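Protein chains in written order, with this note's numbering: chain A, 1 to 346; chain B, 347 to 692; chain C, 693 to 1038; chain D, 1039 to 1384. Accompanying notes for the structure given below.
Number of protein chains: 4
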Amino acid sequence: MLQVAIIGASGYTGVELTRILCNHPEFELTAATSRQYAGKPLSEVFPNLLNKTDLICENLSVDELCKRADLFFAAVPHKTAMDLVPKLLQEGKKVVDLSADYRLRDVAVYEEWYQEHSSPEFIKETAYGLPELYREQIKKARLVANPGCYPTSIVLGLAPLLQEGLIDPATIIVDSKSGATGAGRAASVGTLFCEVHDGFKAYKVGGTHRHLPEIEQELSVLNKDNVTISFTPHLLPISRGILSTSYANLTSDISEEDLRKLYLDRYDAEPFVRMVPEGTFPATQHVRGSNYCDIGFAIDKRTNRIIVVSAIDNIVKGAAGQAVHNMNLMCGIEETTGLEGAPFFP
Amino acid sequence: MLQVAIIGASGYTGVELTRILCNHPEFELTAATSRQYAGKPLSEVFPNLLNKTDLICENLSVDELCKRADLFFAAVPHKTAMDLVPKLLQEGKKVVDLSADYRLRDVAVYEEWYQEHSSPEFIKETAYGLPELYREQIKKARLVANPGCYPTSIVLGLAPLLQEGLIDPATIIVDSKSGATGAGRAASVGTLFCEVHDGFKAYKVGGTHRHLPEIEQELSVLNKDNVTISFTPHLLPISRGILSTSYANLTSDISEEDLRKLYLDRYDAEPFVRMVPEGTFPATQHVRGSNYCDIGFAIDKRTNRIIVVSAIDNIVKGAAGQAVHNMNLMCGIEETTGLEGAPFFP
Amino acid sequence: MLQVAIIGASGYTGVELTRILCNHPEFELTAATSRQYAGKPLSEVFPNLLNKTDLICENLSVDELCKRADLFFAAVPHKTAMDLVPKLLQEGKKVVDLSADYRLRDVAVYEEWYQEHSSPEFIKETAYGLPELYREQIKKARLVANPGCYPTSIVLGLAPLLQEGLIDPATIIVDSKSGATGAGRAASVGTLFCEVHDGFKAYKVGGTHRHLPEIEQELSVLNKDNVTISFTPHLLPISRGILSTSYANLTSDISEEDLRKLYLDRYDAEPFVRMVPEGTFPATQHVRGSNYCDIGFAIDKRTNRIIVVSAIDNIVKGAAGQAVHNMNLMCGIEETTGLEGAPFFP
Amino acid sequence: MLQVAIIGASGYTGVELTRILCNHPEFELTAATSRQYAGKPLSEVFPNLLNKTDLICENLSVDELCKRADLFFAAVPHKTAMDLVPKLLQEGKKVVDLSADYRLRDVAVYEEWYQEHSSPEFIKETAYGLPELYREQIKKARLVANPGCYPTSIVLGLAPLLQEGLIDPATIIVDSKSGATGAGRAASVGTLFCEVHDGFKAYKVGGTHRHLPEIEQELSVLNKDNVTISFTPHLLPISRGILSTSYANLTSDISEEDLRKLYLDRYDAEPFVRMVPEGTFPATQHVRGSNYCDIGFAIDKRTNRIIVVSAIDNIVKGAAGQAVHNMNLMCGIEETTGLEGAPFFP
């Protein structure tokens, strides 16, 4: 058994990582840190974990952490992550960082959207943890930047189109909708039950969400040229799930059948991407609790646009599940290990 | 008191019409028809109405209906409506038809998206019941076609831009999200609680929703030329509410301030359109239970696109409330009568 | 127009009071206080109120408040209320206090469950604001203690039985379920959307909820002797609504028909109590947004128990609506003024 | 691999059985029947199952079924089950019946609450499938009657108290709340999203729910004498979960500590019963998606009553999970196989 620790276990990503790891046959969860809940059993912070883990939340220094595990999931906020991760690497550890700190390859872009970067020298060796695009790099990496939830849903949905040059990148518009786990577990009025329930709203309208540079970075790689898109996030009154509806003008008159074949071929070998049957479209409730990304599309012949709909569980494929997938790859374990569960419906 | 009847009272539009009408100081609700529930008190079908109405659901012929009221809300499905409405008009009645049957001015378009039209001769005189655009026609009409819920939210959001020629109509993309009342009250597996709850999905992707020709008709009028758009509806796990996020390329480099002024001027005199404060965006929970359409926007300078967000309560401004607004106008009553209630939050 | 102020306008009771008052034909809302949001338009704190009120949240001293209004709704937490209310009364103002500070007639009981009372001399003259039981006292009072939400639903449900001596008070068990507005609008992890949504839990099990002494006080008055009950509150994943299921052993073999007659007679003249039809039971969604208390019951012949089900909207009949009802009574206004709206369904 | 079939796969129990079975290492799902969806891939009926099963829904005769599997989960309605199960047994098959048809040991009681029983001769050999009470019988049985969801939550909560004679059985009152999956997947107005969402109601008040005789049967066994209780079910606006709050008078003055010890001892060896920590109480969201029954309690010293709160996921521990648990026992497999997943939160 490989020894694994979660740094920052008291958020929604933390509890989901623990849920997955406590049934993982190759990883043993040996430490869970939380400043706020230090001293408390993790199963008291998250009573769903009762009898599944005896771990006590701890406030550990990096030195102490290094004695406790070889593999680390950093589930702390950006900034905190980049101050911590280099020390773990220097001690020879493997890290999947779930923050934004190592996702952007251009430090200048990072510093424009976030703040000064304290360890830019590690960016270059970081693998971007989207296995469908970077599987080989991930396998060799000691540091993987786990993708953002919005980027995961969007990049997987558009990748085949951009790689084949089938859409005009300048026309890409992405309308995304996320469940409330995406807003984290910090106490705030805006995410109280009564504020979110039975409602729906847009936020960060006009290209101001911090996931935007990450999305554009990856779409640009696929496009082999810079891509600038419009991206609008919305808040759904659900816990888990992101659904992204992406629009783009087609550059040729490819048929729906050929496009379907293209997608099926592209993702045929991917264990966690499912093309939904023709004429149907993804729904967040059909990926709930799983590491799947479901993708469907339609061509609007009247406007010659393609509309791609992609859905994930934002705290599984958009966070904890993808992180375990990455760690599996980094450790040479069968990549689906611990992630085989079917989605929960209803 | 003017005598009013609801034809088709047992759907969600019916119960909302009754809720509004039973407190309306100028209208007296004198009949409510329902084939399915004939003989049952309406307050048994909808227990929220207990003590608010003594009406018994009836299965009435048009002749009988005509003896009971002078004003009619036809809340029956398309097809049923067009077989019924002409007879009411011939008896000198005023009708607000909440179905799609008289919304489309081009019979050929209607017949392409629905079925053969049995009374096309009435289309010409029909006023399209969006008071913000057709107030004067509505005042004089004996038949008003109450707009669809999606079209109401979208047309109000884009009207100022199209009227001023500020956007390229060919680039309009509308991503709409609707609560489940939009799917009606018929028993079906797809709208069961467990299918909709804690989930989100797209449907009718690729330009196949029947509201599309209606939306394009009205946008074309505003644009003074044909408009073809992309429109994707989604199903939200909420009861009431539509939020539409509309994208279009700006044709000039107008500032956000000037645009805001334009919107404020355009809707200044409108009692049911609210421009939300700068930097904020509409949310369905802030219009819940009211006849308001809330509108906000942002300019994405990186792509030179405008993103307009508009929200309504789909069974009030998108159905029952707008119908009462129209009937008020048709009867020369102060137009906000019965619709003054503030939205419910939370 | 009578001038009214809300002290503590930024909670869910505050927004609901404002919603009701901004359409009230006899009251003019002249001030709304909030320390946290001082300087902000109330319609920015609660965007549903946009265009319905221009009030700016203020942080006002009692002296300043007294210049602004004659009637006050104190919607601040207990303790804060009792430090404030006496000064308002001394200036000749009328107050409906929505906190617990003047609900308990026995100071010792208050001090056991809350803290030391700073103005016990005002308790004696306070009317307990349940109009169905204390209408005449309320009419003459200058200070009304607005009942708690749980007590309102429970006392109305059991009053006819206790008044007629039909149940054994020692066997009363009340199982109550409340929506999340009952937990207030303060930021806390426990009431985040993701914690409450799609879940259900009991809390304060074993007779430890602070509404218990209030419930027992009123049941004891009705019973003309001390009553001790079991009371378990639960948290529902809804915004508005309380449903209480009350159990008690019948002391005689009264028929269901006679009991129904008793309830109907008892509440016949009450504008805000509805007995639901025989064989049906209340649901929170049927009182949503209204000042109604719906009551239904069944006799379990196998155990000779009666089960009473009562439902209210906790922030209307359980808070803001009942407060306005009380103020109407205190001011000699028709008591249903401003509260005539039918419940919202769905 | 043992070959397993699901009879009646298109309900919520069917999809959950499939979810569990498609990851079960010892069982191979070889057939899934559905009259309504015959010919359709099961993963089209339930898109969450895409890539997890290739089964096509079939309409199979018993003879055909017998060729396809050795173990059967009968997830059909009562009546249908009892016409089917005997034939499977006669062919030497093992059956877990999820209907009510073999749960009641007294045919007369069954026939009073349901209808004439067509195969009463099989009742005697049936094991009641609550492993915590009947593990040894289940191991030897060829027919197991899977308990109802309400009974499972209630019986596990009260068993230690009744077995030790600590409560007065005549005082037991159970107030239960169930998620909407309990109402099944048939199209009906009453379970539409808009009817259930954001609401809460009681139903079958007064001792008329068909689970009542089953609950009383098992409580009577534990009590070694007849028990008659009051039981009120309620409908929660959640998909999965039952929470039962049970009240009873204590017959001695046992301390909370001793009672806790009693419960802990009683359930110490049980893999699927968790006693929640002192001072905390179960919540449905903490057992979601798992086979756990969580139990907590408090003593109300003021009334000398104990209040027991128990929570399960009604379609796992209350249906599909418990059925797999039973089948594991019947087949001599490690009993937790396939059921090890931690609950999903949030």
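Cβ coordinates follow ideal geometry from the N, Cα and C atoms, glycine included. Because the structure is a prediction, the values reported are computed rather than measured.
F1319/D and V1354/D closer than 8 Å at C-beta | For the purposes of this step, residue 1319/D is identified with residue 281 of the fourth sequence, where counting begins at 1. For the purposes of this step, residue 1354/D is identified with residue 316 of the fourth sequence, where counting begins at 1. In this structure, V1354/D does not lie closer than 8 Å to F1319/D by Cβ.
Integer Cβ distance of T597/B from D514/B, believed to fall under 8 Å | Residue numbering aside, residue 597/B sits at position 251 when the second sequence is read from its first letter. Residue numbering aside, residue 514/B sits at position 168 when the second sequence is read from its first letter. So it is a contact: roughly 5 Å between Cβ atoms.
Please report how far the alpha carbon of K874/C lies from the alpha carbon of C841/C, in whole angstroms.
-> Numbered from 1 along the third sequence, position 182 holds the residue referred to as residue 874/C. Numbered from 1 along the third sequence, position 149 holds the residue referred to as residue 841/C. Checking the sequence shown, residue 874/C turns out to be Gly, not Lys. One C-alpha to the other measures close to 8 Å.
Opening and closing residue of the alpha helix (DSSP H) in which N1018/C lies = Mapped onto the third sequence, residue 1018/C falls at position 326. In this chain, the alpha helix (DSSP H) harbouring N1018/C covers 1013–1022.
Return yes when the Cβ of I561/B is within less than 8 Å of the Cβ of I500/B, no when it is not.
-> Counting from 1 along the second sequence, the entry for residue 500/B is found at position 154. Counting from 1 along the second sequence, the entry for residue 561/B is found at position 215. Less than 8 Å separates the beta-carbon of I500/B from that of I561/B.
For N1249/D, which three-state DSSP category applies?
-> In the fourth sequence, residue 1249/D corresponds to position 211, counting from 1. Residue identity check: residue 1249/D is His in the sequence provided, not Asn. H1249/D falls in the helix class under three-state DSSP.
Should D1139/D be labelled buried (16 or more other beta-carbon atoms within 10 Å of its own) or exposed?
-> Translated into the one-based positions of the fourth sequence, residue 1139/D becomes position 101. Taking every protein chain shown into account, the CB of D1139/D has 16 or more other CB atoms within 10 angstroms, so this residue is buried.
Helix, strand or coil for M774/C, going by three-state DSSP, please let me know.
-> Residue 774/C sits at position 82 when you count from the first residue of the third sequence. Helix at M774/C.
Is DSSP giving E1154/D helix, strand or coil here?
-> One-based indexing of the fourth sequence puts residue 1154/D at position 116. DSSP places E1154/D in coil when its eight states are reduced to three.
Report the partner residues of V1311/D according to the DSSP bridge assignment.
-> Along the fourth sequence, read from residue 1 onward, the residue named residue 1311/D stands at position 273. Answer is C1331/D, bridged to V1311/D.
Could you work out which residues of chain D lie near H543/B, taking near to mean beta carbons separated by less than 9 Å?
-> Within the second sequence, numbered from 1, the residue matching residue 543/B stands at position 197. For H543/B, the chain D residues whose C-beta falls within less than 9 Å of its own C-beta are A1218, F1231, V1234, H1235, P1275, I1276, S1277, listed in chain order.
Can you tell me the Cβ-Cβ gap for T722/C and A761/C, rounded? I've got them flagged as a contact below 8 Å.
-> On the third sequence, position 30 is the one that residue 722/C refers to. On the third sequence, position 69 is the one that residue 761/C refers to. Between A761/C and T722/C the Cβ distance is about 5 Å, and since that is below 8 Å, they are a contact.
Test item: CB-CB of A1349/D and G898/C under 8 Å = Here residue 1349/D corresponds to residue number 311 of the fourth sequence, with the count starting at 1. Here residue 898/C corresponds to residue number 206 of the third sequence, with the count starting at 1. Taking 8 Å as the Cβ cut-off, A1349/D and G898/C do not qualify as a contacting pair.
Spell out a yes or no on whether the region 461–481 of chain B and the region 424–433 of chain B are touching, meaning 3 or more CB-CB pairs, one atom from each, closer than 8 Å.
-> Verdict: yes, contact present.
Could you tell me the distance, in whole angstroms, from the CA atom of V1234/D to the CA atom of G1217/D?
-> Taking the first residue of the fourth sequence as 1, we reach residue 1234/D at position 196. Taking the first residue of the fourth sequence as 1, we reach residue 1217/D at position 179. CA-to-CA, the gap between V1234/D and G1217/D works out to about 10 Å.
Taking 8 Å as the CB-CB limit, is A666/B close to chain D?
-> Indexing the second sequence from 1 puts residue 666/B at position 320. Answer no: the Cβ-Cβ gap between A666/B and chain D never drops below 8 Å.
Could you run through the region 709–742 of chain C and flag, in chain order, every residue whose CB is less than 9 Å away from some CB of chain B?
-> If you check each beta-carbon in the region 709–742 of chain C against every beta-carbon of chain B, the ones closer than 9 Å belong to T710, R711, I712, C714, N715, P733, S735, E736, F738, P739, N740, L741, L742.
Report the rounded CA-to-CA distance for F418/B versus G664/B, giving the unit in angstroms.
-> As a first step, residue 418/B is located in the second sequence; it is residue number 72 there, counting from the start. As a first step, residue 664/B is located in the second sequence; it is residue number 318 there, counting from the start. So the alpha carbons of these two residues sit roughly 18 Å apart.
When G784/C, T1028/C, I712/C are compared against E962/C, the one with the closest alpha-carbon = Numbered from its first residue, the third sequence carries residue 962/C at position 270. That would be T1028/C, whose Cα lies nearest to the Cα of E962/C.
Taking the C-alpha atoms as reference points, what is the distance between Y1305/D and P1198/D?
-> Residue numbering aside, residue 1305/D sits at position 267 when the fourth sequence is read from its first letter. Residue numbering aside, residue 1198/D sits at position 160 when the fourth sequence is read from its first letter. In this structure, the straight-line span from the alpha carbon of Y1305/D to that of P1198/D is close to 9 Å.
Host beta strand (DSSP E) of V836/C (start-end) | As a first step, residue 836/C is located in the third sequence; it is residue number 144 there, counting from the start. Going by DSSP, V836/C is part of the beta strand (DSSP E) stretching over 835–837.
With a cut-off of 8 Å, does the C-beta of G1244/D fall near any C-beta of chain C?
-> Start at 1 with the first residue of the fourth sequence, and residue 1244/D comes out as number 206. For G1244/D, the answer is yes, since a Cβ of chain C falls inside 8 Å of its Cβ.
To the nearest angstrom, how far is it from the Cα of V287/A to the Cα of T630/B?
-> Residue 287/A sits at position 287 when you count from the first residue of the first sequence. Residue 630/B sits at position 284 when you count from the first residue of the second sequence. Counting only the Cα atoms, T630/B lies some 26 Å from V287/A.
Of the listed residues A323/A, K93/A, L259/A, nearest to N146/A (C-alpha basis) | If you number the first sequence from 1, residue 146/A lands on position 146. Considering only alpha carbons, the answer is A323/A.
Would you please verify whether the beta carbon of T1190/D is less than 8 Å from any beta carbon of chain C?
-> To locate residue 1190/D, count along the fourth sequence from 1; it is residue 152. T1190/D does not count as touching chain C.
Would the region 170–179 of chain A and the region 245–260 of chain A be scored as touching if the rule is three or more Cβ pairs under 8 Å?
-> Note that the region 170–179 of chain A touches the region 245–260 of chain A; at least 3 beta-carbon pairs, one per stretch, sit closer than 8 Å.
Just the Cα atoms here: how many angstroms apart are H295/B and L367/B?
-> Since the first residue shown for chain B is 347 and the last is 692, residue 295/B is missing from the structure and cannot be characterised.
Under the rule that 16 or more other beta-carbon atoms within 10 Å means buried, what is A487/B, buried or exposed?
-> Reading the second sequence from its first residue, position 141 is the one you call residue 487/B. That one is buried.
Whose Cβ in chain B lies nearer than 8 Å to the Cβ of Y292/A?
-> Here residue 292/A refers to the residue found at position 292 of the first sequence. The contact set of Y292/A on chain B, defined by CB atoms closer than 8 Å, is empty, because the minimum CB distance reaches about 14 Å.
Among I353/B, E390/B, F392/B, I402/B, which one has its Cα closest to the Cα of V408/B?
-> Counting from 1 along the second sequence, the entry for residue 408/B is found at position 62. If you compare the alpha carbons of I353/B, E390/B, F392/B, I402/B with that of V408/B, the shortest gap goes to I353/B.
Which stretch, first to last residue, makes up the beta strand (DSSP E) that contains P1271/D?
-> The count along the fourth sequence starts at 1 and reaches residue 1271/D at position 233. Boundaries of the beta strand (DSSP E) harbouring P1271/D: 1268–1273, taken from the DSSP string.
Could you tell me how far apart the beta carbons of D992/C and I999/C are, in whole angstroms, since I believe they sit closer than 8 Å?
-> One-based indexing of the third sequence puts residue 992/C at position 300. One-based indexing of the third sequence puts residue 999/C at position 307. About 6 Å separates the two Cβ atoms, so the contact holds.
Considering only residues of the same chain and omitting the five flanking positions on each side of K1090/D, which have a CB-CB separation below 6 Å?
-> For the purposes of this step, residue 1090/D is taken as the residue at position 52 of the fourth sequence. Result list for K1090/D: C1060, in chain order.
Which runs of the alpha helix (DSSP H) fall wholly inside the region 1176–1220 of chain D and span at least 4 residues, in chain order?
-> You should have 1187–1201.
With R260/A as the anchor, note down where its beta strand (DSSP E) starts and where it stops.
-> Within the first sequence, the letter at position 260 stands for residue 260/A. It is not in any beta strand (DSSP E) - R260/A instead sits in the alpha helix (DSSP H) that spans 256–267.
Is the CB of V535/B under 8 Å away from at least one CB in chain D?
-> Here residue 535/B corresponds to residue number 189 of the second sequence, with the count starting at 1. The beta carbon of V535/B falls within 8 Å of a beta carbon belonging to chain D, placing the residue at that interface.
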